[in-house]
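Residue numbering for the sequence shown follows the working numbering, starting at 128 and increasing by one per position. C-beta: ideal position from N, C-alpha, C; glycine also. The structure displayed is predicted, hence computed values, not measured ones. Here the structure comes first, spelled out in structure tokens, and everything after it is commentary.
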Amino acid sequence: MRHTYHTEQWLPYPVDLVFAFFANPENLPRLMPSWQKARIEEAIFSPPPPRPTSSQPGRSIAAGPGTHIILSFRPIPYLPLRIPWEAEIDEFVWNSHFADRQVRGPFAYWHHRHIVQQESRANTTGTHLRDEVEYEPPLGSLGEVANALFISRQLRRTFAYRKLRTNVLLDKVFPSPLQK
């Protein structure tokens, strides 16, 4: 059975900066909880379409449509077992959204869209970030039990951690105008 999860976050940074940050796969391990010890094992890049002329010039890489990334991580703290996760970028529109789908990995199905929109709050123009995940646990009925017991909770915790890390990592690159 397919499940959905979504989360939203407002960031006091321009859309093009937030989009470029998330489109760069080098940032993915830094956004995952440290106990998972996530690392990129392999990446085969397909170039993204040209950047819009309104975007800030960027030196970072971006994973365009067709990019394949193999990531590995620990599913349980202190467990030496690593799980590989192969994903492919299947949607990409600069400064709007991109999506990755699992090709091979721990889920029977996984599709994750990252959507950015400009939004102002308290006289500061920033970015509204929305993550939409559609997933199906493996192993049929047993997977449904696992989802109820821990998968959905771990998903919420992982994205809560990611929200905190996003602010920290972006502030290193582009100090927030709200903190001045």
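Express the C-alpha separation of residue j and residue i in angstroms, rounding to a whole number.
i	j	result
phenylalanine 105	isoleucine 203	No answer is possible for residue 105: the residues shown for the chain start at 128 and end at 307.
proline 176	asparagine 250	32 Å
tryptophan 212	phenylalanine 301	30 Å
alanine 350	leucine 269	In this structure the chain extends from 128 to 307, so residue 350 is not present and cannot be described.
serine 295	valine 272	Reading off the sequence shown, one finds valine at residue 295, where the question assumed serine. Straight-line Cα distance between these residues: approximately 35 Å.
asparagine 222	histidine 130	27 Å
Just to confirm before moving on: does the CB-CB distance between residue i and residue j stay below 8 Å?
i	j	result
glutamate 218	tyrosine 236	no
leucine 158	arginine 248	no
isoleucine 196	alanine 189	no
Drop a sphere of 10 angstroms on the beta-carbon of residue i, count the other beta-carbons inside from all chains shown, and report buried for 16 or more, exposed for fewer.
i	result
glycine 253	buried
alanine 287	exposed
proline 174	exposed
tyrosine 205	exposed
Tell me, to the nearest whole angstrom, how far the beta carbon of residue i is from that of residue j; I am working on the premise that it is less than 8 Å.
i	j	result
isoleucine 167	threonine 194	Not a contact, Cβ separation roughly 11 Å.
leucine 155	leucine 208	About 20 Å; that fails the 8 Å criterion.
arginine 257	histidine 133	6 Å
histidine 239	valine 220	The pair is not a contact, with the Cβ atoms about 15 Å apart (cut-off 8 Å).
Taking 7 Å as the cut-off, is the C-beta of residue i nearer than that to any heavy atom in the ligand ATP?
i	result
aspartate 143	This structure does not include the ligand ATP; it has no bound ligands of any sort.
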